[in-house]
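Counting from 8, one number per residue, gives the positions in the sequence shown under my numbering.
Working notes for the structure below.
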Amino acid sequence: MTENSTVDVLISGAGAAGLTLAIELARRGVSFRLIEKLNDPFRGSRGKGIQPRSQEVFEDLGILDRIVALGGAYPRQREYRDDGSVSESDAVVREEPTPAEPYHLPLMVPQFLTEGVMRERLLELGHRPQFASELIGFEQDEAGVTARLKGASGEETIRVCWLVGADGGRSFVRHALDIGFPGKTLGVRAIVADVILKGLDRDAWHRFGDGDMQRQIAICPLAGTDLFQIQGPIPLDGEVDLSAAGLTALVKERTGRNDIEIHSVSWASAFHMNARLADRYRLGRVFLAGDAAHTHPPTGGQGLNTSVQDAYNLGWKLAAVTAGAPDALLDSYEEERRPVAATMLGLATNLLDAMKRGDIRRGREVHQLDIGYPSSSFALEKPERSAGLLAGDRAPDAPLRGAGGQPTRLFELFKGAHWTLLGYEVEQAAMQPRPGLHIHRIGRRGDIIDEGGHFRDAYGLASGDWVLVRPDGYVGAIVASGHAWALEAYLANVGLAA
Ligand SMILES: Cc1cc2nc3c(=O)[nH]c(=O)nc-3n(C[C@H](O)[C@H](O)[C@H](O)COP(=O)(O)OP(=O)(O)OC[C@H]3O[C@@H](n4cnc5c(N)ncnc54)[C@H](O)[C@@H]3O)c2cc1C
Numbered sequence: 008m009t010e011n012s013t014v015d016v017l018i019s020g021a022g023a024a025g026l027t028l029a030i031e032l033a034r035r036g037v038s039f040r041l042i043e044k045l046n047d048p049f050r051g052s053r054g055k056g057i058q059p060r061s062q063e064v065f066e067d068l069g070i071l072d073r074i075v076a077l078g079g080a081y082p083r084q085r086e087y088r089d090d091g092s093v094s095e096s097d098a099v100v101r102e103e104p105t106p107a108e109p110y111h112l113p114l115m116v117p118q119f120l121t122e123g124v125m126r127e128r129l130l131e132l133g134h135r136p137q138f139a140s141e142l143i144g145f146e147q148d149e150a151g152v153t154a155r156l157k158g159a160s161g162e163e164t165i166r167v168c169w170l171v172g173a174d175g176g177r178s179f180v181r182h183a184l185d186i187g188f189p190g191k192t193l194g195v196r197a198i199v200a201d202v203i204l205k206g207l208d209r210d211a212w213h214r215f216g217d218g219d220m221q222r223q224i225a226i227c228p229l230a231g232t233d234l235f236q237i238q239g240p241i242p243l244d245g246e247v248d249l250s251a252a253g254l255t256a257l258v259k260e261r262t263g264r265n266d267i268e269i270h271s272v273s274w275a276s277a278f279h280m281n282a283r284l285a286d287r288y289r290l291g292r293v294f295l296a297g298d299a300a301h302t303h304p305p306t307g308g309q310g311l312n313t314s315v316q317d318a319y320n321l322g323w324k325l326a327a328v329t330a331g332a333p334d335a336l337l338d339s340y341e342e343e344r345r346p347v348a349a350t351m352l353g354l355a356t357n358l359l360d361a362m363k364r365g366d367i368r369r370g371r372e373v374h375q376l377d378i379g380y381p382s383s384s385f386a387l388e389k390p391e392r393s394a395g396l397l398a399g400d401r402a403p404d405a406p407l408r409g410a411g412g413q414p415t416r417l418f419e420l421f422k423g424a425h426w427t428l429l430g431y432e433v434e435q436a437a438m439q440p441r442p443g444l445h446i447h448r449i450g451r452r453g454d455i456i457d458e459g460g461h462f463r464d465a466y467g468l469a470s471g472d473w474v475l476v477r478p479d480g481y482v483g484a485i486v487a488s489g490h491a492w493a494l495e496a497y498l499a500n501v502g503l504a505a
């Protein structure tokens with residue numbers, strides 16, 4: 008057994024949550040190890056819906072364009088009825104983007120492709136997951152966590168400041184901490200399988216037997232691949248044959264068609280649907296993120312998105328506290344993210360009920376654009392606001408022009424690891440510049456010009472107001488002119504003292 012020197016963070020699990028966290032830490036120069044017990048990257052398509060809010064997150068992480076290029080839009084759903092009739096409808100509500108919300112359509116990207124792009128981004132930043140390395144035990148004390156890892160060359164003990172369990176629904180870390188995971192088993196078992204097949208076009212999401220839990224089956228062409236994803240409920244007990252022959256027989260039985268033939272299966276799984284939420288997201292120096300903290304039915308495509316956004320919330324806070332910010336910032340992770348998961352569990356369960364009735368529609372509520380943290384300890388308004396944009400809200404985008412003449416967007420200004428302070432029609436600087444804070448003045452004599460009035464419309468500010476935007480794109484503070492002093496204390500609490 009070997010003992011290694013201290014790194015700041017150990018991330019257990021290199022799924023979507025662990026990879027996002029690793030990118031966040033890497034781009035802030037925090038030392039970490041990302042371990043994954045599997046020998047190779049996960050091969051399944053399961054979390055294939057990338058919601059508009061995650062697209063914004065991916066833009067900030069520098070991976071959105073690559074992910075869009077690999078994936079595609081959701082095809083229309085084609086419903087085949089027992090009487091032989093066929094109808095088509097949109098699988099997702101189609102809305103044009105707006106200046107404040109540049110992405111409105113969920114994207115379809117098989118999870119293995121999304122994770123592949125994340126690994127590529129991580130590599131650009133100088134890191135890679137360590138496969139075949141399993142967390143098998145840990146102990147924490149006031150100063151850190153001692154973790155035991157098992158790998159190909161034996162066991163290893165490492166000392167870290169923080170441990171993050173991004174280790175999926177069966178989380179070893181959650182069990183080891185004895186954190187409760189209350190909720191319900193939803194009485195639905197389903198299969199998901201990625202297959203090569205013949206007999207169906209790739210221009211539609213084929214749905215048979217909608218509304219009948221004994222018979223329904225959905226077969227979706229997976230953008231960016233030659234594969235189709237098969238999903239359908241199965242009996243609660245008993246063996247299920249996930250081979251090509253077994254799936255061909257299942258599809259024949261459910262669709263009544265002899266012409267659909269499955270040639271090969273690249274990944275398949277049978278699973279019970281649960282809706283569960285961890286009692287705590289933090290115990291001392293150990294955190295839970297992603298499916299380790301919440302599991303839910305796949306209806307509505309929320310799981311991967313919520314997991315990515317957990318990590319996006321935690322990453323900058325871990326980096327700030329590692330660099331000396333007060334520890335209370337880390338408590339705000341559970342304070343902000345646990346209520347989001349609680350709401351999401353309700354949404355996914357309601358959508359499962361709708362699926363059972365055969366009338367599932369996924370609208371704005373699944374886009375995650377309205378998620379915010381208005382009750383957070385790190386949401387400051389001076390004076391308190393009653394309307395318009397509030398502290399804790401997602402900071403909207405806006406097309407703008409730099410004083411130098413070139414077009415830009417607020418999201419361009421936000422992109423990166425820093426905080427952003429925006430002054431609207433302000434006369435003078437509110438505070439001293441400091442590392443980690445970008446200050447812009449928006450207005451006729453500012454460095455940024457609100458030519459189309461989009462910033463004014465989205466933010467609803469009065470002249471002289473200041474808006475402080477967090478590294479994860481949420482509004483930390485809104486202060487009116489004359490209250491700018493309040494920002495000093497706020498910034499000190501997040502590690503940005505002058
Ligand atoms: C059929 C289906 C469809 C879905 N569709 C969608 C969708 O459209 N949109 C969406 O957002 N979500 C969807 N999901 C959910 C999504 O797949 C998950 O929410 C997502 O994978 C969670 O990511 P994660 O990183 O938290 O966990 P995981 O992806 O489970 O990753 C955890 C990793 O930790 C590793 N690990 C576990 N224990 C250890 C250990 N002790 N040491 C080291 N490594 C360890 C595991 O091997 C694993 O790789 C779907 C899920 C299913 C089943």
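A virtual CB, placed ideally from N, CA and C, is assigned to each residue, including glycine.
Keep in mind it's a predicted model, so treat the numbers as computed, not measured.
| Asked | Found |
| --- | --- |
| Would you mind stating whether residue 258 and residue 224 have Cβ atoms separated by less than 8 Å? | yes |
| For the beta strand (DSSP E) that residue 409 lies in, which residues bound it at each end? | 406-409 |
| Excluding five sequence neighbours on each side, which residues of the same chain lie with their C-beta closer than 6 Å to the C-beta of residue 255? | 268, 269 |
| By DSSP, does residue 30 sit in helix, in strand, or in coil? | helix |
| Express the C-alpha separation of residue 478 and residue 498 in angstroms, rounding to a whole number. | 13 Å |
| On a CA-only basis, which of 310, 207, 232 is nearest residue 264? Give me that one, please. | 207 |
| Please state the DSSP three-state secondary structure of residue 447. | strand |
| Distance check for residue 48 and residue 24, CA to CA, integer angstroms please. | 14 Å |
| Would you identify the three-state DSSP class for residue 121, choosing helix, strand or coil? | helix |
| Out of curiosity, what's the CA-to-CA distance linking residue 107 and residue 307? | 23 Å |
| Would you identify the three-state DSSP class for residue 508, choosing helix, strand or coil? | Not covered by the structure: residue 508. The range shown for the chain is 8 to 505. |
| For residue 312, verify whether its CB is less than 7 Å away from any heavy atom of ligand 1. | yes |
| Quick check on the DSSP output: what are the complete beta strand (DSSP E) runs of length 3 or more inside the region 252-340, in order along the chain? | 268-284, 293-295 |
| Could you give the C-beta distance for residue 351 and residue 309, rounded to a whole number, given that I count them as a contact under 8 Å? | 5 Å |
| Do residue 150 and residue 18 have their C-beta atoms closer together than 8 Å? | no |
| Where does residue 380 fall in DSSP's three states? | coil |
| Answer yes or no: the CB of residue 199 versus the heavy atoms of ligand 1, is any distance below 7 Å? | yes |
| Is it a yes or a no for the region 462-480 touching the region 411-429, going by three-plus beta-carbon pairs under 8 Å? | yes |
| Report buried or exposed for residue 239, applying the criterion of at least 16 other Cβ atoms within 10 angstroms of its Cβ. | buried |
| With the cut-off set at 8 Å, would you say residue 152 and residue 169 are in Cβ contact? | yes |
| Please name the residue, chosen from 138, 284, 236, 234, that lies closest to residue 189 on a Cα-to-Cα basis. | 284 |
| Is the region 316-327 in contact with the region 212-231, if contact means three or more CB pairs nearer than 8 Å? | no |
| Report the CB separation of residue 275 from residue 243 in whole angstroms; it is logged as a contact under 8 Å. | Going by Cβ atoms, the distance from residue 275 to residue 243 rounds to 18 Å, so no, they are not a contact pair. |
| How would you call residue 57, buried or exposed, if buried means at least 16 neighbouring beta carbons within 10 angstroms? | buried |
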